[in-house]
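Down below is the structure, laid out as structure tokens.
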Amino acid sequence: MVNSRNKKHKRRKDNRQSTVLQHYFLTYFTVLFIPLLICSLYYIRMLSLLSEDDSKARESELEHAAVLVDTVLNEFEYLGDSLAANLQVNSFKRTKEVFGYANTYKVYELRKSLPDLYLINQSVFDYFIFFDRSETVINKTIAYTYEDFYNLYLHEKKYGSYEEWYEHIKNDDCSFGLMPMEEYLYKKEQSINMLDYTRPLMMPDGAGNGRIHIYLEESVMETLMPAIADNSIQFITDASGRLLYLRNGNPEKPWTAEEMHDFLGGGVKTPETGSWQQEVRFMGEKYMMLSYFSGKSGLIYSMLLPQKVINDRMMSSIMILSLFILLGVTVGLLLSYHMSVKSATPINDILNQVSQVTERFEGHQNVFSSLKTTFNYLVSTNSRLADAIESQKPYIRNAFINRLIFGSFIKEEEADKIAEHIGFPCAGRVYGIIIFRFHLISESIREENLQLMSSCVFSLLEVIERELPGSLYTNLGDEQVVLLLNMPEKEKLYFRQNAEQMVLSIKEAMPSNISEKLFAYGGNEVDRLDQIYDSFHNAAYMFNNESGQIENAVIWYREAAGSIPVYPPQDLSVKLTHYVTAGDGDGLHDLLEDIMKKYIIENNLSVYLQHMLLNELQIVLFRILGRVGMEEEEYRKYYTGLEENHNAALITQITTTLNLYKQVCDYVGRQKQLQDSEVVASAIVSYIDTNYGDCCLSLTSVADQFGISEPYLSSIFKQTQGINFSTYVEVIRIDKAKDFLKTTALSVGDIAQLVGYGSVNSFCRAFKRVTGLSASEYRKK
1 MVNSRNKKHK
11 RRKDNRQSTV
21 LQHYFLTYFT
31 VLFIPLLICS
41 LYYIRMLSLL
51 SEDDSKARES
61 ELEHAAVLVD
71 TVLNEFEYLG
81 DSLAANLQVN
91 SFKRTKEVFG
101 YANTYKVYEL
111 RKSLPDLYLI
121 NQSVFDYFIF
131 FDRSETVINK
141 TIAYTYEDFY
151 NLYLHEKKYG
161 SYEEWYEHIK
171 NDDCSFGLMP
181 MEEYLYKKEQ
191 SINMLDYTRP
201 LMMPDGAGNG
211 RIHIYLEESV
221 METLMPAIAD
231 NSIQFITDAS
241 GRLLYLRNGN
251 PEKPWTAEEM
261 HDFLGGGVKT
271 PETGSWQQEV
281 RFMGEKYMML
291 SYFSGKSGLI
301 YSMLLPQKVI
311 NDRMMSSIMI
321 LSLFILLGVT
331 VGLLLSYHMS
341 VKSATPINDI
351 LNQVSQVTER
361 FEGHQNVFSS
371 LKTTFNYLVS
381 TNSRLADAIE
391 SQKPYIRNAF
401 INRLIFGSFI
411 KEEEADKIAE
421 HIGFPCAGRV
431 YGIIIFRFHL
441 ISESIREENL
451 QLMSSCVFSL
461 LEVIERELPG
471 SLYTNLGDEQ
481 VVLLLNMPEK
491 EKLYFRQNAE
501 QMVLSIKEAM
511 PSNISEKLFA
521 YGGNEVDRLD
531 QIYDSFHNAA
541 YMFNNESGQI
551 ENAVIWYREA
561 AGSIPVYPPQ
571 DLSVKLTHYV
581 TAGDGDGLHD
591 LLEDIMKKYI
601 IENNLSVYLQ
611 HMLLNELQIV
621 LFRILGRVGM
631 EEEEYRKYYT
641 GLEENHNAAL
651 ITQITTTLNL
661 YKQVCDYVGR
671 QKQLQDSEVV
681 ASAIVSYIDT
691 NYGDCCLSLT
701 SVADQFGISE
711 PYLSSIFKQT
721 QGINFSTYVE
731 VIRIDKAKDF
741 LKTTALSVGD
751 IAQLVGYGSV
761 NSFCRAFKRV
771 TGLSASEYRK
781 K
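147 is the number that the numbering used here gives to position 147 of the sequence shown; each next residue is one higher, with no gaps.
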């Protein structure tokens, strides 16, 4: 019978424990699973949006590239027009024998009049003027005959002989505008792919085939176009469908210009204006074709993106999401079980104790007794929490007294609540501050004996804690320990006497050779916590007013018997000189406002002392004028300003003098802004090197930071560094990204944020553009 009852009780207990564990497990798992589910749904939604945004971003990149290329073509057109309108060019194109003795000076004069390409546009490879009558090719640096130009300098590779090339130059009609990209042989040894912008040279009689050729390298064109994706194609056509530029993103399977001509002639739609998207088939594969028609230049910019790459990227994202969901569910199950066991165990222990007690005793009274036992158990099991809370009280007490002495409490009620929380009595009490200071050794030696000083301070803190347990005190540093005394209001008359007894007991508990160097300074007694700030400052005021109390246990604050005027301290001239010569207008404004308020308005100085202050201010001003290196005319202006008000009212003279300080400070500030461009550029480079991780770093933000205009910043940066601002920022960021890729395991997304890119796509395109490799390829290299 007994065994049967025990088994039944055990089953009940196991069921109860299992039920508690299940409830906790379901609760924790639900709490962990719901955010995971929400994040997964959000991630799926973001994938679809990112796919759309990626397409829009590439359209935007294509449009931006079109703007850049159009800008370059506009510059080419301007350069061609300026060369065609050049007086020397128009005079020279009529000349036939240019290398004869009588005409050689004309070659020199012509080259001298031509523009320097480096100063005009560094993106241009070079320009050449072909003079048909004299059969010469001339630019700023060279002058060749047609044959020498072909053999020694530059020609299209497709012309295998000079005769073929000459036939092309003499007989082919000269088109106006951008020509398809060709492969050129440069100086007989280097092959270069270049685009050719052609502009005819018109003769008065309409005869002749003279022309201007301006060349753009393929590498420059690649920097203007968007970063090319793997297996993708970029190309540019004109309004007639002629292929001008082709770039292939698949080095293993390069597409030829002939294949692209067949593709373009196969009925592919092109936009009449703006952007256009369409799915096309090319070489047996599906592509997404993005096109943009530039109404400015009449060119069509296009790119082909493999549909397989787009789909693979989406599938890889979904696979990563599935893996994270599986991992999250697994971790959630394990974490939920662990937390459930940890939470259910104390509850089951309590239930077991209640069950054992109620089974051992009968009746309501015994049940209440068991509950009391259970609550005591709860208190004991939570002792660690209570100990943790108790261990924080010293830090709270230290912060509390620091807020009291520095007056950071806005309302007394706030201070009262904290005092009640830390067990500091505040009802019907009187307070006062005692500041302990050590006078051990001279100032010059004290810096070499900081360890000795620290030992003395720690010894004092230990004695205060032992002699006055529960009191509030803090170490302010600089050999100062602040003690807050708290006594019942009925002992206010004996406050100082009791305080001196406490100070004496503290000194007696310390070694005599240390205590005799310890001085105590006392502030006035106050009745409220928000007045302790005044008591502290009154005690500190006594540091320099020890006369008559040096032998006392406490040097107490004493209010002055009469009204003694306060005159500005000796360092006034030092502060004025510092602020003015540094061009610190804000600091000078605050100092002058303090002088006017503290020594003229509130202190009510006598007329005699006001005259002394005026004379001192004017003397300091003249000394400053001699230091800032003004021109005599500028110096005379300030001197006249004082002289004109010599007979004015005293307050007017003081005000005029203070205003002259502000004017001199403004003058110094303006002079400091006129710094050398190299110094400014060097500071800008340092600023970029320090703040490259700021995604908002731009020409505008840096110009605002240095207080200069954007064109001026761009000009001095290019002049001193030899590179434009945006290119330098990009190079610095990519260099930092290289270091992170090689030396850390951070993800590409984290590195993109660290080096200042707002999106991973922007970072990857920039990295590929600068290094020629993707970030993952560079890390594996």
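Cβ atoms here follow ideal geometry from the backbone N, Cα and C, with glycine treated the same way.
Under the Cβ criterion (8 Å, minimum of three pairs), the region 579-594 counts as touching the region 648-668. In the three-state reduction of the DSSP assignment, G477 falls in the strand class. Taking C-beta atoms under 8 Å as the contact rule, I434 and G522 qualify, at a distance of about 5 Å. F128 sits close to H213, with the two beta carbons spaced by under 7 Å.
For L504, the CB contacts under 6 Å within the same chain, skipping 5 residues up- and downstream, are A553 in chain order. Within the model, the alpha-carbon separation for N250 versus D230 is close to 6 Å.
Exposure of E97 is indicated by the presence of fewer than 16 other C-beta atoms within 10 angstroms of its C-beta. Between the region 66-74 and the region 293-300 there are three or more inter-stretch CB-CB distances shorter than 8 Å, so the stretches are counted as touching.
About 5 Å separates the Cβ atoms of I506 and V463, confirming a contact at the 8 Å cut-off. L472 counts as buried, since no fewer than 16 other beta carbons sit within 10 angstroms of its beta carbon. Listed as beta-bridge partners of I433 by DSSP are L484. Secondary structure at M630: coil, using DSSP grouped into helix, strand and coil. With fewer than 16 other CB atoms across the displayed protein chains lying within 10 angstroms of its CB, D527 is exposed.
Here V137 is buried: its Cβ has 16 or more other Cβ atoms, across all protein chains shown, within 10 Å.
By the neighbour-count criterion, in which a residue is buried when 16 or more other Cβ atoms sit within 10 angstroms of its Cβ, K93 is buried. When F536, S134, I318, F717 are compared, the shortest CA-CA separation from V481 is found for F536. Counting other Cβ atoms within 10 Å of its Cβ, F622 stays below 16 and is therefore classed as exposed.
In this structure, L224 sits away from L195, with a CB-CB distance that is not shorter than 7 Å. When only Cα atoms are considered, V574 and I595 end up about 14 Å apart. Assignment of beta strand (DSSP E) within the region 274-345, counting only whole runs of 3 or more residues, yields 274-282, 285-293, 300-306 in chain order. Going by beta carbons, L660 and G629 fall outside the 7 Å limit. Bounds of any beta strand (DSSP E) do not take in D416; it lies within the alpha helix (DSSP H) bounded by 412-421. V620 counts as buried, since at least 16 other C-beta atoms from the protein chains shown sit within 10 angstroms of its C-beta. Contact between R437 and F495 is absent: CB atoms are separated by about 21 Å, not below the 8 Å threshold. Cβ contact annotation for G328 (same chain, cutoff 6 Å, sequence separation greater than five): L36, in chain order.
Under the three-state reduction of DSSP, L529 is assigned to helix.
Under the three-state reduction of DSSP output, A553 falls in the coil class, being neither helix nor strand.
Per DSSP, the beta-bridge partners of A520 are F436. The bridge partners DSSP lists for S191 are L185. For the set N486, I401, L335, the Cα lying nearest the Cα of L26 is the one of L335. Per DSSP, the continuous beta strand (DSSP E) segment holding V137 begins and ends at 136-138. Taking the CA atoms as reference points, D689 sits about 53 Å from H168. By the Cβ neighbour-count rule, L73 is buried, with 16 or more other Cβ atoms within 10 Å of its own. Judged by DSSP secondary structure, Y166 falls within the alpha helix (DSSP H) whose first and last residues are 162-171. Annotated three-state conformation of N615 is helix, per DSSP.
Annotation: K517 to V680 spans about 54 Å, alpha carbon to alpha carbon.
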